[in-house]
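Written out below as structure tokens is the structure these notes cover.
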Amino acid sequence: MGRSLRKGPFVDSHLAAKADKAKESNDKKAIKTWSRRSMILPEFIGLTFAV
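Residue 18 is where the sequence shown starts when you use this note's numbering, and the numbers rise one by one after that.
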């Protein structure tokens with residue numbers, strides 16, 4: 018079941034922080050996370066996640 022459009026996308030704050038840090042440092046290692054409820058945002062393109 019998809020998420021309601023009026024609610025918008027959900028991303029855990031710690032996951033967004035890890036993604037921002039990886040983008041800034043050009044780190045190519047996989048970002049490990051247990052957050053399956055987070056949505057893939059356009060800012061995450063080019064990053065690798067290990068769920």
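Ideal Cβ positions, reconstructed from N, Cα and C, are used throughout, including at glycine. Keep in mind it's a predicted model, so treat the numbers as computed, not measured.
To which residues of the same chain is aspartate 29 closer than 6 Å at the C-beta, ignoring the five residues directly before and after it?
Ser52 and Ser55
Please return the same chain residues whose Cβ sits closer than 6 Å to the Cβ of leucine 32, not counting the five positions on each side in sequence.
Residues of the same chain with a CB within less than 6 Å of the CB of leucine 32, apart from the 5 flanking positions on each side, are Thr50, Ser52 and Ser55 in chain order.
CB-CB under 7 Å to glutamate 41, same chain, minus the five flanking residues each way: which ones, in chain order?
none
Around the C-beta of alanine 34, are 16 or more other C-beta atoms found within 10 angstroms, so that it is buried, or is it exposed?
Exposed, since its Cβ has fewer than 16 Cβ neighbours within 10 Å.
Where does phenylalanine 27 fall in DSSP's three states?
coil
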